[in-house]
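To start, the structure itself, in C-alpha cells.
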Amino acid sequence: MRALAEFKGVGRRFQRYGEVAGAGGGSFTLIDDYGHHPAEMAATLEAARGAFPGRRIVLAFQPHRYTRTRDCFEDFVKVLSTADGLLLAEVYAAGEAPIVAADGRTLARAIRVAGKVEEDVADMPARILDVARDGDVVITMGAGSIGGVPGRLASVER
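Right under this line is the structure:
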C-alpha cells in the first residue's frame, strides 16, 4: 500500500509541471504528454477538460513520423480541431524521409482551429508564451523533441 501511495505516475503521461508565469502577467498550467497517436491525444485532451473544466486548452503538438502523419491524417485533423488553441511543430522524422502532404503545414491547413506551424521546436517555448493566456492549460504533446520544451520554458526571457 505504501508503494501505491508514493507512486508519482509515469513520466510524460499527463505530467503536470505546475504553474508557469505568462509573458503578459498571470500564469498558465503546463502539462506534458507523450501521446503521438490520435486516440491517445483525444484521451489526453478529454482528461484535461475533465480536470480543468471551463479553462482554455492550448495544445503544442509535434507529429511523430511522416508515415504516421499520412496514415492517420484525418484522425489528426479531427482531434487537433478540438483544441481551443494550437501550435504545431514540424514533423519529428525519426529517421524517415519527408512525405509530400504529410507535413506540419499540410496538417495546419486542414485543421479548423487557427494554428501556427513552428519550423524549429527550439522556438516553441517563446511561441507558447506568445499564445498562452492567464488561466490556460497548455499541453505539450508528442514523442519527439517536444519533450524538452517544458523544461526550457523557464529559461525564456519574458
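Quick note on the numbering used here: the sequence shown kicks off at 1 and runs consecutively. Note that beta-carbon positions come from the ideal geometry of N, C-alpha and C, so glycine has one too.
Is the distance from the Cβ of Arg49 to the Cβ of Ile31 below 8 Å? no
Does the region 127-139 touch the region 92-107, meaning 3 or more C-beta pairs lie closer than 8 Å? no
In three-state DSSP terms, what is Glu96? coil
Please identify the residue among Ile139, Gly144, Gly147 whose C-alpha is closest to the C-alpha of Glu19. Ile139
Span of the alpha helix (DSSP H), counted from its first residue to its last, around Arg49: 38-51
Verify whether the separation of the beta carbon atoms of Lys116 and Leu80 is less than 8 Å. no
State yes or no: is the C-beta of Met141 within less than 8 Å of the C-beta of Asp33? yes
How would you label Glu118, buried or exposed, when you count the other beta carbons within 10 angstroms and need 16 or more for buried? buried
Going by CA-CA distance only, name the one from Phe76, Asp75, Phe28 that's closest to Arg56. Phe28
Beta-carbon contacts of Ala94 that lie in its chain and below 6 Å, excluding the five residues immediately before and after: Arg65
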